[in-house]
Each structure stands twice: as structure tokens, then as C-alpha cells.
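Engineer: Dropping a structure here in C-alpha cells format, bear with me for questions.
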Amino acid sequence: MPGFVCKGFMLAGMLSICLAAVGCSPAEEERGEETIEKKVDEKVDEKPEVKAPEKTEVSFTRETAVQHIEQVTRLELTGPDKKYQELMQAVMEGVDNTAVEQQENIMIYKAYVKQVYGPFFTEDALNQFISAGAFQYDFFNDAVFEMKPVKLEVTQSDIQTADNQFTIDAVVEVSAPGLETEQFPVEGRAFISKKDGRIGVYQLGHIDSELRAHLLMLENR
6 MPGFVCKGFM LAGMLSICLA AVGCSPAEEE RGEETIEKKV DEKVDEKPEV
56 KAPEKTEVSF TRETAVQHIE QVTRLELTGP DKKYQELMQA VMEGVDNTAV
106 EQQENIMIYK AYVKQVYGPF FTEDALNQFI SAGAFQYDFF NDAVFEMKPV
156 KLEVTQSDIQ TADNQFTIDA VVEVSAPGLE TEQFPVEGRA FISKKDGRIG
206 VYQLGHIDSE LRAHLLMLEN R
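Structure (C-alpha cells):
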């Protein structure tokens with residue numbers, strides 16, 4: 006393990022605290038849904054390049070599972086997402102705002118993550134992803150870089166009773182002004198809900214310490 010505290014983990018923890026501290030009841034979220042969606046649309050100038058599937062009930066198939074996992078992983082490893090960074094920064098810097106203002110910042114942030122990732126996840130998995138996992142490499146918002154996956158393999162478990170479990174093996178390429186382009190390995194795993202064919206568990210970053218160290222270096226240049 007590297008001998009430093011990763012800023013990404015620190016901000017992820019702080020963001021979780023913010024989301025928990027200024028929560029919204031289901032009724033409040035429902036009442037403000039149309040207003041928030043309108044504000045998200047106003048803030049989002051560009052849609053993600055990866056096209057999300059329609060939010061319909063689908064059964065579990067290997068093809069659908071691999072497609073969902075690949076598209077989420079491409080979204081995670083392509084960046085940085087400037088809109089996410091803007092909305093996340095508003096949440097992190099909004100601790101001195103009024104409760105109403107901060108609640109709005111958080112609802113807009115959550116709505117954007119749902120807009121990008123919602124069609125791929127079960128409801129419970131999406132809520133977990135919003136709190137702790139989404140856009141994890143975009144936390145390095147002071148770094149100037151571009152990142153994209155150059156290798157991505159999603160492999161289904163060969164155990165018959167665990168055929169809804171998949172491993173993720175990726176290589177990302179990071180380029181930054183004045184530096185040579187470098188590549189880093191990233192691994193993860195995902196479980197698919199057999200009920201509707203969507204992601205029930207998604208974890209990326211089992212092997213990514215070199216990547217995080219590189220992004221931290223870029224931020225501190």
C-alpha cells in the first residue's frame with residue numbers, strides 16, 4: 006500500500022457525510038423532483054457518450070450483464086467528467102450554506118449521478134454507488150489530465166451457482182500536459198441481479214494504487 010492518504014478516499018468519505026447530514030425524505034425528494042430535474046438539465050450541457058439502456062424490466066442474460074458492466078466501467082474510467090466535478094465541488098463547499106441551499110446542491114448532485122448511471126443499476130445498488138462509488142477518479146479535480154480505458158475485459162464466473170458474478174480487468178491510459186502518457190491496471194467486480202438483469206454490486210479499484218498515486222502527483226504539480 007502506498008504511504009499516503011488518497012484524496013479520493015478522503016473526499017468520498019466527506020461526501021458521504023454531507024449526503025447523510027442533509028438528507029431528504031422520500032416525500033421531499035418527490036415534491037422537488039421536477040424542479041431538480043429542470044436544474045440538472047440546465048447544468049448539463051453535454052450528455053455522456055455512452056448511451057444508457059431504457060429503464061425497463063429485463064431478465065438476466067450474460068450478454069446484457071456484460072454490456073451493463075462494460076458501459077459503467079467505461080464511464081468510470083473516461084474523464085474527468087467536468088459536470089460531475091462542478092456539482093461535487095458545490096456540495097463539498099456548500100457546508101456554510103443554508104440547509105435549503107445545501108439540500109438543493111445534494112439533490113442536484115444525486116440527480117446527475119442517477120441520470121448518468123441509473124439505467125444500469127438496481128435501486129439499492131444505485132443509492133450505494135451515489136454515496137460511495139460514482140466518479141471515483143474525478144475526485145482529483147485540481148489535476149489537469151485525460152483518462153480513457155485502452156483495455157477492458159469482463160469475465161463471468163465459471164461456477165454455475167455464481168454465474169451472475171463477474172470480474173473486471175482494465176487498463177487505463179492517462180495523459181497530462183508535459184508528461185509522457187502512462188498506462189495503469191485497474192480491477193474490480195460486479196454482481197448482477199437475476200431479477201431484472203441490472204447491477205446489484207459494483208466495485209472498481211481492487212488494483213489501482215499506481216493510478217491513484219499518479220493522479221495525486223498530477224494534482225500536486
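Residue numbers (the working numbering): 6 to 226. For glycine and all other residues, C-beta sits at the position ideal for the given N, C-alpha and C.
#1: Give the DSSP bridge partners of Glu-238, in chain order.
#2: List the DSSP bridge partners of Phe-196.
#3: Below 8 Å, can you find three or more Cβ-Cβ pairs linking the stretch 108 to 125 to the stretch 79 to 93?
#4: Spatial neighbours of Phe-14 within its chain, please: CB distance less than 8 Å, with the 5 preceding and 5 following residues excluded, ordered by chain position.
#5: Go through its chain and collect everything with a Cβ distance to Phe-196's Cβ below 7 Å, but skip five positions before and after it.
#6: For Val-71 and Leu-220, I'd like the C-alpha separation in whole angstroms.
#7: Using the beta-carbon count (16 or more within 10 Å), is Thr-66 buried or exposed?
#8: State the DSSP-derived secondary structure class of Thr-69, mapped to helix, strand or coil.
#9: Taking DSSP's pairing of strands, which residues face Gly-84 in a bridge?
#10: Taking the alpha-carbon of Ile-113 as reference, which of Leu-223, Gln-165, Asp-163 and Val-96 has the nearest alpha-carbon?
#11: Return yes when the Cβ of Val-191 is within less than 8 Å of the Cβ of Gly-92, no when it is not.
#12: Taking its Cβ as the centre, do 16 or more other Cβ atoms sit within 10 Å of Lys-52, making it buried, or is it exposed?
#13: According to the Cβ coordinates, are Val-155 and Val-177 closer than 8 Å?
#14: Please classify Ile-135 as buried or exposed, where buried requires at least 16 neighbouring CB atoms within 10 angstroms.
#15: Cα-Cα, which of Gln-188, Gly-202, Glu-98 and Lys-200 is closest to Arg-217?
#16: How close, in whole Å, do the beta carbons of Ile-74 and Val-159 come, if the pair is a contact with beta carbons under 8 Å?
#17: List the residues that DSSP assigns as beta-bridge partners of Thr-234.
#18: Per DSSP, Phe-126 is paired with what?
#19: Under the rule that 16 or more other beta-carbon atoms within 10 Å means buried, what is Gly-243, buried or exposed?
#20: Within 7 Å: the Cβ of Val-105 and any heavy atom of the ligand NAP?
#21: Could you tell me which of Glu-98, Thr-69, Phe-140 and Gln-107 sits nearest to Arg-79, measuring between CA atoms?
Structural biologist: Let me spell this out:
#1: Lying outside 6 to 226, the shown extent of the chain, residue 238 is not represented and no answer is given.
#2: Paired residue(s): Gln-170 and Val-206.
#3: Between the stretch 108 to 125 and the stretch 79 to 93, the count of Cβ pairs shorter than 8 Å is three or higher; the stretches touch.
#4: With a pLDDT of only 45 at Phe-14, under 50, the local geometry of the prediction cannot be trusted, and the value read off the model is given with reservation. None.
#5: Here the set comprises Asn-169, Gln-170, Gly-205 and Val-206.
#6: Between Val-71 and Leu-220, the C-alpha separation is close to 28 Å.
#7: It is exposed - the Cβ of Thr-66 has fewer than 16 other Cβ atoms within 10 Å.
#8: Here Thr-69 sits in helix by DSSP.
#9: Within the DSSP secondary-structure output, Gly-84 pairs in a beta bridge with Met-152.
#10: With distances taken between Cα atoms, Ile-113 lies closest to Val-96.
#11: A quick correction: the sequence has Leu, not Gly, at residue 92. Cβ atoms of Leu-92 and Val-191: not closer than 8 Å.
#12: With a pLDDT of 43 at Lys-52, under the threshold of 50, the predicted position of this residue should be treated as unreliable, and no value is reported.
#13: Their beta carbons are under 8 Å apart, which means Val-155 touches Val-177 by this criterion.
#14: That one is buried.
#15: Ranking Gln-188, Gly-202, Glu-98 and Lys-200 by Cα distance to Arg-217 puts Gln-188 first.
#16: By a beta-carbon distance limit of 8 Å, Ile-74 contacts Val-159. Their separation comes to about 5 Å.
#17: This structure cannot settle anything about residue 234, because the visible part of the chain is limited to 6 through 226.
#18: Answer is Ile-204.
#19: With the chain represented from 6 up to 226, any question about residue 243 goes unanswered, as that position is not in the structure.
#20: The ligand NAP is not part of this structure, which contains no ligands at all.
#21: Measuring from the Cα of Arg-79, the nearest candidate turns out to be Phe-140.
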